[in-house]
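Just so we're aligned, residue 8 is where the sequence shown starts under my numbering, counting upward by one. Structure record follows, encoded as structure tokens.
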Amino acid sequence: MPHHALEITLTHSLTQAQLVAVSRTMPLAANHDATRLMALVKANNPDRVARRLRRRLEGRLPIDVITTHYPDPSGQILLNVAFVSAAHAAVVTAARQAGQEPERFLELAVARALAEHAEHEADRFEGEVRRLLAHTTPAHLLSAVGHALTRLPEGPT
């Protein structure tokens, strides 16, 4: 039975005592502020493993989302979210109106939102580049970008 790496996003950070207590039930690795955990779990498929992990840790952790850490062969990441009953009912209703299964409805909605975000970011970056080009030449801008990319990344601001 294969192992799957899962990332658990928490609704709030854990104290050291909470992390130690839950780690006694299964090995977990925490990020610097204990808001995200990594787990390695056995199961035949990623969907089953996410449900198994949620059942095992429900009530012990303030779980927000569980995702597969690595994409599957088709490049997809599994997203496991437990909705409150009102949100679940709204998704089911909207899916029925669209003539889709709730999982497919959410998959398409997330894909659409990600595509819109990517398009918005590309437009924003293009606008930033155009503003920079208003004050310099393309060669100077390209040189500055190359210089900036050779430094250690500081992360997004």
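Virtual Cβ for every residue (Gly too), placed ideally from N, Cα, C.
Among L121, H11, E126, which has the Cα closest to the Cα of N7?
The structure shown does not extend to residue 7, since the chain is modelled only from 8 to 164, so the question has no answer here.
Please classify D130: does DSSP put it in a helix, a strand, or coil?
helix
Counting beta carbon pairs with one atom in the stretch 11-30 and one in the stretch 72-81, are three or more of them shorter than 8 Å?
yes
From A105 to E114, what does the alpha carbon distance come to, in whole angstroms?
13 Å
L140: buried (16+ other C-beta within 10 angstroms of its C-beta) or exposed?
exposed
For T22, three-class secondary structure by DSSP:
coil
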